[in-house]
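A short worksheet on the structure shown next.
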Amino acid sequence: MSDPTGGPGALIIFFAAVFTNNILLVYFLGMCSFLACSKQYETSLGLGAAVTFVMTATTILNHVIHHQLLVPLGLEHLQFVVFIAVIAAFVQLVEMVVERFSPTLYYSLGIFLPLITVNCAILGASLFAINIFDYTLWQASWYGLGSGLAFALAITLMTGLRQKMGYANLPPAFRGVSIVMIVTGVMALAFMGFMGMASLD
Amino acid sequence: MAANVPNPAAGMGGERKGILTFTAGVWRNNPIAIQVLGICSALAVTTRLENALVMGAAVVFVLLMSNLLISLARGAIPRRIRMIVEVAVIATFVILVDQFLKAYYWDMSKRLGAYVGLIITNCIIMGRAEAYALHERPHHSLIDGLANGLGYAMVLACVGLVREVFGSGRIVFGRAWVLLEIPGYEPNLVMKMAPGGFIALGLLVALFYALGLQEETEGES
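Chains as they are written, first to last, in the working numbering: chain Y, 1 to 201; chain P, 1001 to 1221.
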């Protein structure tokens, strides 16, 4: 599993991306949809699946485009525009393909796809994998997959907690976003228990 | 989610509309505390007050420029591709900010890392372009952008202040300019790490609600 060029192996990256360096609980990315779509299991599972798929694919695509196209041409400063365009185009493409070939999947997943374009976790995963960690293509694809699953895991856990929380008697000021944020903080604390098992830094 | 509270100033003219637009953005309809947009960067860069202020300034700039440009071009943007146009405009200004930080403020650029690029996907900017700049005149859009940016920067500064004070017991600007130091304070490292960010912002949102800002939004869990 270890990578010939050095750096952490694929399994380490995958595990770290899901547990110790969770993109949502440690890097705070994807909070908007996390807060908005964690009320019901169907929604959170659908969004989680869509994010996992799109994130894996766009991390790979962006990695290839960055190293094969932008770096040789000396256009790294256009990175942001190119990445976001790739993500938007990919999402649009997936939406059209899914709509054409699987109407059932389209109706369960379709509404989440446009949301994903502006999900900062997607762009964030690409930027982290390429700019911050400087991964190879093989490492970056595992990072994308792990981060997508990390988002799905966090949003599904949160949905369970929120459904229980519906019965709780909260002080008025804490109802809504506030308590969700504090509970997320506690969840992040719990995930810190995994620290030391694997790390990306 | 109360993403778009109807703008009470809609349909009014002149100076009063400008003032109402301004107070809505900064306070009544604060982008982070009330509309719950742009949380990601609000949490990520607020380990220090200085980072929070620079990030706030960057967002104010991008928001001002994108609102102005989109408002000026609102007649020329076809409806079907408006999202792509908005993203392109926003990304252009974010690149400007990123290059500026890299050129003149390298330390900060390193510390903010990928989060400068992530201003592109900051929902506040897209949200204001969609909800306001596409329908309103340029000078009102400028005020709206300024107000929402300041509202965002204000919350960021509050979270940054709380986290830096409780996390390290002191406030430091630049390399060594110490603004405040609590002698004998045992640093609470959790405030500097991710969980502290969530909890600090959660408490701040609760404070906003407790101060009587909830009238216009429904608070259900």
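A virtual CB, placed ideally from N, CA and C, is assigned to each residue, including glycine.
Tell me, please, whether the CB atom of Ile1081 of chain P is closer than 8 Å to any CB atom in chain Y? Here residue 1081 of chain P refers to the residue found at position 81 when the second sequence is read from its first residue. False, the Cβ-Cβ gap to chain Y never drops below 8 Å.
If we cut at 8 Å on Cβ distances, does Val67 of chain Y have a partner in chain P? The residue labelled residue 67 of chain Y in the question sits at position 67 within the first sequence. Per the sequence shown, the amino acid found at residue 67 of chain Y is His instead of Val. His67 of chain Y does not count as touching chain P.
Helix, strand or coil for Glu1086 of chain P? Go by DSSP, reduced to three states. Residue numbering aside, residue 1086 of chain P sits at position 86 when the second sequence is read from its first letter. If DSSP states are grouped into helix, strand and coil, Glu1086 of chain P belongs with the helices.
Step through the CB atoms of chain P and report whether any lies within less than 8 Å of the CB of Phe80 of chain Y. Residue 80 of chain Y sits at position 80 when you count from the first residue of the first sequence. It does; some Cβ of chain P falls within 8 Å.
Tell me which residues share the same chain as Ala195 of chain Y and place their Cβ nearer than 6 Å to its Cβ, disregarding the 5 neighbours each side in the sequence. The count along the first sequence starts at 1 and reaches residue 195 of chain Y at position 195. Residue 195 of chain Y is actually Met in this sequence, not Ala. Cβ neighbours of Met195 of chain Y beyond the five flanking positions: Thr20.
Alpha carbon to alpha carbon, what distance is there between Ser1071 of chain P and Glu1136 of chain P? For the purposes of this step, residue 1136 of chain P is identified with residue 136 of the second sequence, where counting begins at 1. For the purposes of this step, residue 1071 of chain P is identified with residue 71 of the second sequence, where counting begins at 1. So the two alpha carbons sit approximately 7 Å from each other.
Any chain P beta carbon closer than 8 Å to Phe101 of chain Y: Sequence index remark: in the first sequence, residue 101 of chain Y carries index 101 (1-based). False, the Cβ-Cβ gap to chain P never drops below 8 Å.
Which one of Y:Val118, Y:Leu113, Y:Thr59, Y:Gln40 has the shortest CA to CA distance from Glu211 of chain Y? The structure shown does not extend to residue 211 of chain Y, since chain Y spans only 1 to 201, so no value can be given for it.
Near Ile60 of chain Y, which residues of its chain fall below 8 Å by C-beta distance, leaving aside the five closest residues on each side in sequence? Against the first sequence, residue 60 of chain Y aligns to sequence position 60. Apart from the 5 residues on each side of it in sequence, Ile60 of chain Y sits with its Cβ closer than 8 Å to the Cβ of Leu137, Ala140, Ser141, Gly144 in its chain, given in chain order.
Ala88 of chain Y to Asn1122 of chain P, Cα distance in whole Å? One-based indexing of the first sequence puts residue 88 of chain Y at position 88. One-based indexing of the second sequence puts residue 1122 of chain P at position 122. So the two alpha carbons sit approximately 15 Å from each other.
Counting only runs of 4+ residues fully inside the segment 1142 to 1177 of chain P, write out the alpha helix (DSSP H) ranges in chain order. Along the segment 1142 to 1177 of chain P, the alpha helix (DSSP H) does not occur as any fully enclosed run of 4 or more residues.
Hey, Ile65 of chain Y and Val86 of chain Y: beta-carbon distance below 8 Å or not? The sequence position of residue 65 of chain Y within the first sequence is 65, counting from 1. The sequence position of residue 86 of chain Y within the first sequence is 86, counting from 1. Yes, these two residues count as a Cβ contact at 8 Å.
Taking Cβ positions only, does Pro1187 of chain P come closer than 8 Å to chain Y? Working through the second sequence from its first residue, we reach residue 1187 of chain P at position 187. No, Pro1187 of chain P lies away from the interface with chain Y (no Cβ there is under 8 Å from its Cβ).
I want to see whether chain Y comes within less than 8 Å of Ile1120 of chain P, judged by CB atoms only; does it? Mapped onto the second sequence, residue 1120 of chain P falls at position 120. At least one CB of chain Y lies nearer than 8 Å to the CB of Ile1120 of chain P.
Applying a beta-carbon distance threshold of less than 7 Å, which residues of chain P neighbour Val177 of chain Y? Working through the first sequence from its first residue, we reach residue 177 of chain Y at position 177. Within 7 Å of the CB of Val177 of chain Y, the CB atoms of chain P belong to Val1036, Val1205, in sequence order along the chain.
Below 8 Å on the Cβ atoms is my contact criterion, and I expect Val177 of chain Y with Val1205 of chain P to pass it. Report the Cβ-Cβ distance as a whole number of Å. The residue given as residue 177 of chain Y occupies position 177 in the first sequence. The residue given as residue 1205 of chain P occupies position 205 in the second sequence. With a Cβ gap of about 5 Å, Val177 of chain Y and Val1205 of chain P count as contacting.
Skipping 5 residues on each side, what residues in its chain have a beta carbon closer than 6 Å to that of Glu1164 of chain P? Within the second sequence, the letter at position 164 stands for residue 1164 of chain P. Around Glu1164 of chain P: Arg1048, Leu1049, Ile1171.
Nearest to Ala17 of chain Y by alpha carbon, out of Y:Ile182, Y:Gln79, Y:Pro172, Y:Thr56? As a working mapping, residue 17 of chain Y is identified with position 17 in the first sequence. Comparing Cα-Cα distances from Ala17 of chain Y to each of Y:Ile182, Y:Gln79, Y:Pro172, Y:Thr56, the minimum goes to Y:Thr56.
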